[in-house]
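So the protein lines, in turn, are chains A and B.
Using UniProt numbering, the first residue of the first sequence is number 1, and each one after it goes up by one.
Using UniProt numbering, the first residue of the second sequence is number 1, and each one after it goes up by one.
Note that CB positions come from ideal geometry on N, CA and C, so glycine has one too.
Just so it is clear, the structure is predicted and the values come from calculations on it, not from any experiment.
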Amino acid sequence: MQQTIKRTIFFALLLIIWQGAVRIFDISPALMPAPTDVYEALAKGFSDKTLIYDILASLRRLAIGLSLAIVIGVGLGILLAKNKSADETLGTLILALQSVPSIVWLPIAIMWFGLNEKAVTFIVILGATLVMTINMRMGIKNVSPLYIKAAQTMGSGGLDLFFKVIFPASIPYAVTGARLGWAFAWRALMAGELLSSGPGLGYTLKFASDFGNMSLVIAIMIIIGVIGTIVDITFFQRVEKNVMRRWGLETSN
Amino acid sequence: MFLHINEVNKQFLNQKEVSTVLSDINLEIKEGEFVSILGPSGCGKSTLLSIVAGLTKPSSGEVLLNGQPITKPGRDRGMVFQQPALFPWMTVEENVMFPLRKEMKKKEAKETAHQFLKMVQLSNYTKHSPHELSGGMQQRVAIARALSMNPKVLLMDEPFGALDEQTRSRLHTELEKIWLETRKTILFVTHSISESIKLSDRIVVMGTRPGVVLEDIHVKIPRPRANHPQMVTKLEEKIMGLLQSEIDKVVKEELAYAANN
């Protein structure tokens, strides 16, 4: 409870300082709008539903991209963990690609798919797949040999051993992979939308910026941050925590 | 002979040096016997158990169960490890049903699981997750799980080594009771002299580097052994004497190794 009070006071102070600074130094709204202007832009966007459509469009793209990325990442991760040759070749490529921000793929994606949703979805998939693959591979590789030995003495082997023991044992890593994948995908999506076409939060941000509407730009930045935080805290962190506890990996606190 | 360990040798390649872990092990174990394998750490007792389980291959020699050579792990040999090795994503009941799920219908598997959980006095915890149970309870689930598939032999690798003294003592009593009830053949690896005397019909004392059988002792003290403290102490002293020279050997080797490096 004390945490909530601290947070409320902190954010209230931040808003007061922001509002005060803009008023006292008489900063032009084209450079830095006051919180009240941002609030107006938000209220307008939600009342005429344009922001709601943007949010839904962005989340839809993200959901498609992230789901595909998780499926592909799980498959690739298992392949890399189980096949040494694939790990030594494809694994190195994936590690190398991981250091290339997915947004730099956009120009070529636009050439392939055109200036449309497909190009952006491609960027999102790319952004999340690599981190999912790497975590899944780690998960399979780090399954306790004790579980495997115990299962073998109970007559399990081959595919049964994989699906009943090795895969479930790797779930904590997969969940972490999905959570990181979500963060990568969200960033990639916003970057992709900024440089591509709409509808979507990123596109509307670019549009507002072209018209010098900085109140709307900041309003959208806040929405991006709030959605990112809410999804992370209410969904991924909660799932991760439950899985860690259930799998007995939680450090006592 | 029921379980026949025949001329088993095991070498490991350790930094280009061949180290012999087990040297010419011969043991014959009768059906229904409770046999402890006792020795200092590094004597290869766990490796021997792992060979019987089929998880490790011997360098030479073979292990026969009912005349059949052991080549891989199987449901005829249940194993309990030092760590409970329960699957955390399953409930207690599902864990015990794991080895049964292919052999019988779900309902039957559930009934069997409950029957063995009752044997280890955990009937009230069937729907719990392993992490909600104490270490001793988890180990009891592991014992129930191994017994539920009705193995010919129960292999136990220092199963109570990670537990506190009181829990260990309670589980000794419980294991003895289960053994008297089921008359399973048990191969029990331990480094605790008192544990081996408390539980077993036979104590195979092993020496280290290389692992050899020093002595095969038949324990003739009537059960429960706690009622005959004098006989227990006498046997304890005898085994202590056997192992003392082994422990000295380990210390001497380690000092020599330290001096040379």
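- Which chain A residues sit within Cβ distance under 9 Å of residue 78(B)? 153 and 154
- Three-state secondary structure (DSSP) at residue 145(A)? helix
- Within the same chain, show all residues whose beta-carbon is closer than 7 Å to that of residue 198(B), passing over the 5 residues directly before and after it, in chain order. 172 and 225
- Which chain A residues are close to residue 74(B), counting only those with a beta carbon under 7 Å from its beta carbon? 155
- Message: In the DSSP assignment, the alpha helix (DSSP H) including residue 143(B) goes from what residue to what residue?
- Response: 135 to 148
- Item | Short CB-CB distance (under 8 Å) between residue 188(B) and chain C | Of the protein chains in the structure, A and B, none is chain C.
- Query: First and last residue of the alpha helix (DSSP H) that includes residue 203(B)?
  - Reply: It is not in any alpha helix (DSSP H) - residue 203(B) instead sits in the beta strand (DSSP E) that spans 202 to 207.
- Message: For chain A, check one thing: does any of its Cβ atoms lie closer than 8 Å to the Cβ of residue 270(B)?
- Response: Outside the displayed range of chain B (1 to 261) lies residue 270(B), so it cannot be described from this structure.
- Item | Start and end residues, beta strand (DSSP E) containing residue 235(A) | Counted as a single uninterrupted DSSP element, the stretch harbouring residue 235(A) is not any beta strand (DSSP E), since DSSP gives it neither H nor E.
- Task: Determine the DSSP secondary structure at residue 223(A), reduced to helix, strand or coil.
- Result: helix
- Message: Counting only beta-carbon separations shorter than 8 Å, does residue 171(A) have a partner in chain B?
- Response: yes
- Cα-Cα separation between residue 82(A) and residue 237(A), rounded to whole angstroms: 29 Å
- Message: Taking 7 Å as the limit between beta carbons, can you name the residues of its chain near residue 54(A), skipping five residues before and five after?
- Response: 199, 200, 201 and 204
- Anything in the stretch 148 to 169 of chain B with a Cβ closer than 7 Å to a Cβ of chain A? List those residues in chain order, please. 149
- Message: At a CB distance below 9 Å, what residues from the stretch 123 to 138 of chain B approach chain A? Give them in sequence order.
- Response: For the stretch 123 to 138 of chain B, the residues whose beta carbon sits under 9 Å from a beta carbon of chain A are, in order, 129, 130 and 131.
- Task: Check whether the Cβ atoms of residue 212(B) and residue 243(B) sit closer than 8 Å, and answer yes or no.
- Result: no
- Following the continuous beta strand (DSSP E) through residue 27(B), name the residue where it begins and the one where it ends. 17 to 29
- For the alpha helix (DSSP H) that residue 52(A) lies in, which residues bound it at each end? 50 to 82
- Closer than 8 Å to chain A by CB, residue 87(B): yes
- Between residue 134(A) and the rest of its own chain, which residues show a CB-CB distance below 6 Å, the 5 nearest in sequence each way excluded? none
- Measure the CB-CB distance between residue 125(A) and residue 161(A) and report whether it falls below 8 Å. no
- Task: In the DSSP assignment, find the unbroken alpha helix (DSSP H) run with residue 52(B) in it and report its ends.
- Result: 45 to 53
- Query: When the distance is taken between beta carbons, is residue 98(B) closer than 8 Å to residue 87(B)?
  - Reply: yes
- Query: Taking all protein chains shown into account, do 16 or more other C-beta atoms lie within 10 angstroms of the C-beta of residue 215(B), making it buried, or fewer, making it exposed?
  - Reply: exposed
- Going along chain A in order, which residues have a C-beta closer than 8 Å to the C-beta of residue 83(B)? In chain order: 146.
- List the DSSP bridge partners of residue 34(B). Answer by DSSP bridge pairing, in chain order: 186(B).
- Query: Any residues in the stretch 238 to 251 of chain A with a beta carbon nearer than 8 Å to a beta carbon of chain B? Which ones, in chain order?
  - Reply: Those residues of the stretch 238 to 251 of chain A that come within reach of chain B (Cβ to Cβ, closer than 8 Å) are 245, 246, 247 and 248.
- Message: Assuming contact is defined by CB atoms lying nearer than 8 Å, are residue 54(B) and residue 10(B) in contact in what I supplied?
- Response: No, they are not a contact pair.
- C-alpha distance - residue 302(A) paired with residue 213(A), whole-angstrom precision: Because chain A is modelled from 1 through 253, residue 302(A) falls outside the range shown and cannot be assessed.
- Message: Under 8 Å, Cβ to Cβ, is there at least one residue of chain B near residue 57(A)?
- Response: no
- Task: Look up residue 216(B) in the DSSP assignment and say whether it is helix, strand or coil.
- Result: strand
- Item | Start-to-end residues for the beta strand (DSSP E) that takes in residue 61(B) | 60 to 65
- Straight-line Cα distance separating residue 94(A) from residue 46(A): 41 Å
- Assumed close pair residue 65(A), residue 185(A) - CB separation to whole angstroms, cut-off 8 Å: 6 Å
- Which residues DSSP lists as bridging residue 11(B), in chain order: 20(B)
- Task: Within the same chain, show all residues whose beta-carbon is closer than 8 Å to that of residue 40(A), passing over the 5 residues directly before and after it, in chain order.
- Result: 215
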